[in-house]
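Protein chains in written order, with my numbering: chain A, 5 to 128; chain B, 5 to 128.
Notes follow once the structure below has been shown.
2 protein chains.
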Amino acid sequence: MDTARLNWDENGLIPAVVQDAHTREVLTLAYMNETSLQKTEESGETWFYSRSRDELWHKGATSGNTQKVTEIRLDCDQDALVVLVEPNGPACHTGARSCFSDTLVKKEEEAESTGRFAIIEELE
Amino acid sequence: MDTARLNWDENGLIPAVVQDAHTREVLTLAYMNETSLQKTEESGETWFYSRSRDELWHKGATSGNTQKVTEIRLDCDQDALVVLVEPNGPACHTGARSCFSDTLVKKEEEAESTGRFAIIEELE
Numbered sequence: 005m006d007t008a009r010l011n012w013d014e015n016g017l018i019p020a021v022v023q024d025a026h027t028r029e030v031l032t033l034a035y036m037n038e039t040s041l042q043k044t045e046e047s048g049e050t051w052f053y054s055r056s057r058d059e060l061w062h063k064g065a066t067s068g069n070t071q072k073v074t075e076i077r078l079d080c081d082q083d084a085l086v087v088l089v090e091p092n093g094p095a096c097h098t099g100a101r102s103c104f105s106d107t108l109v110k111k112e113e114e115a116e117s118t119g120r121f122a123i124i125e126e127l128e
Numbered sequence: 005m006d007t008a009r010l011n012w013d014e015n016g017l018i019p020a021v022v023q024d025a026h027t028r029e030v031l032t033l034a035y036m037n038e039t040s041l042q043k044t045e046e047s048g049e050t051w052f053y054s055r056s057r058d059e060l061w062h063k064g065a066t067s068g069n070t071q072k073v074t075e076i077r078l079d080c081d082q083d084a085l086v087v088l089v090e091p092n093g094p095a096c097h098t099g100a101r102s103c104f105s106d107t108l109v110k111k112e113e114e115a116e117s118t119g120r121f122a123i124i125e126e127l128e
């Protein structure tokens with residue numbers, strides 16, 4: 005793996021979007037330093053760097069909810085990764101499949117609602 | 005939209021994973037400040053904050069490759085977003101559909117290769 009071209013941030017980290025390789029659901033946004041990326045490649049499972057605990061973190065080491073890596077992709081300015089995984093259980097510490105379980109805005113509902121009103125208006 | 009519970013970083017930004025609402029492909033990792041998130045909600049199209057240019061950035065304003073937002077999701081520690089979009093063209097400035105067009109590691113090929121060898125060994 006050629007890591008020389010990666011643009012690490014001022015703390016030596018790169019954000020990693022963890023995505024389910026099959027469902028394509030985004031599971032987590034985590035961070036890797038060079039050591040955790042190397043450990044990820046060597047072990048075939050995700051290793052991150054915990055900014056809050058300031059330590060390397062093998063995902064699933066205690067919970068068993070490891071993530072088998074199938075692919076790592078790099079973006080056009082070499083400062084973000086997408087890590088495609090086969091998860092061995094929920095990604096989130098809450099027990100949810102994804103860490104992104106909270107909907108902030110949903111426009112589709114509005115569109116559906118507008119659609120329904122449009123039909124009602126036509127019927128009237 | 006309740007933005008009070010968002011954990012903005014020390015620069016007032018939050019990372020936003022932009023994902024195609026239909027194909028679920030991850031298109032870009034970009035950053036939003038509070039103003040760009042408000043503009044995103046109001047306009048229904050993605051607005052980001054460019055860290056390199058230090059300015060608000062309406063995606064597609066010059067290229068026409070806007071992104072219609074269908075949903076915004078928030079993660080469990082309120083410091084990352086997933087923005088689901090219907091893209092009106094390529095997400096990447098290179099013309100690629102996604103900014104993540106560069107494969108750093110791909111394990112599936114190895115697995116397939118191993119699988120093939122396993123079959124060959126059985127036949128022998």
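Even for Gly, the Cβ is constructed at its ideal location relative to N, Cα and C.
No experiment lies behind these values; they were computed from the predicted model shown.
So residue 87 (chain A) and residue 50 (chain A) are supposed to be a Cβ contact under 8 Å. How far apart are they, rounded?
For this step, residue 87 (chain A) is matched to residue 83 along the first sequence. For this step, residue 50 (chain A) is matched to residue 46 along the first sequence. Yes, residue 87 (chain A) and residue 50 (chain A) are in contact; Cβ-Cβ is about 6 Å, under 8 Å.
In chain B, which residues lie with their C-beta within 9 Å of the C-beta of residue 104 (chain A)?
Locating residue 104 (chain A) in the first sequence gives position 100, counting from the first residue. The contact set of residue 104 (chain A) on chain B, defined by CB atoms closer than 9 Å, consists of 21, 77, 78, 79, 80, 84, 85, 86 in chain order.
From residue 102 (chain A) to residue 83 (chain B), what does the alpha carbon distance come to, in whole angstroms?
Translated into positions along the first sequence, residue 102 (chain A) becomes position 98. Translated into positions along the second sequence, residue 83 (chain B) becomes position 79. If you take the alpha carbons of residue 102 (chain A) and residue 83 (chain B), they lie about 14 Å apart.
From A:111, A:66, A:19, residue whose alpha carbon lies closest to that of residue 97 (chain A)
Reading the first sequence from its first residue, position 93 is the one you call residue 97 (chain A). Here the closest residue by C-alpha is A:66.
Beta-carbon proximity check, residue 89 (chain A) vs residue 45 (chain B), cutoff 8 Å:
Within the first sequence, numbered from 1, the residue matching residue 89 (chain A) stands at position 85. Within the second sequence, numbered from 1, the residue matching residue 45 (chain B) stands at position 41. The Cβ atoms of residue 89 (chain A) and residue 45 (chain B) do not sit closer than 8 Å to each other.
7 Å Cβ cut-off: residues of chain B touching residue 43 (chain A)
Residue mapping note: residue 43 (chain A) aligns to position 39 of the first sequence, counting from 1. Simply none; closest approach about 13 Å.
What does a CB cutoff of less than 6 Å around residue 64 (chain B) pick up in its chain, not counting 5 residues either side in sequence?
Against the second sequence, residue 64 (chain B) aligns to sequence position 60. 70, listed in sequence order.
For residue 48 (chain B), decide whether its Cβ has a neighbour in chain A, counting only Cβ atoms nearer than 8 Å.
Position 44 of the second sequence, counted from the first residue, corresponds to residue 48 (chain B). Chain A contact via Cβ: present.
Taking only the alpha-carbon atoms, compute the straight-line gap between residue 25 (chain A) and residue 92 (chain B) and give it to the nearest angstrom.
Translated into positions along the first sequence, residue 25 (chain A) becomes position 21. Translated into positions along the second sequence, residue 92 (chain B) becomes position 88. Distance between the alpha carbons of residue 25 (chain A) and residue 92 (chain B): 25 Å.
DSSP state of residue 72 (chain B), grouped into three classes?
Numbered from its first residue, the second sequence carries residue 72 (chain B) at position 68. DSSP, reduced to helix, strand and coil, places residue 72 (chain B) within a strand of the structure shown.
By how many angstroms is the C-alpha of residue 5 (chain B) removed from the C-alpha of residue 111 (chain A)?
Reading the first sequence from its first residue, position 107 is the one you call residue 111 (chain A). Reading the second sequence from its first residue, position 1 is the one you call residue 5 (chain B). For residue 111 (chain A) and residue 5 (chain B), the gap between their C-alpha atoms comes out near 12 Å.
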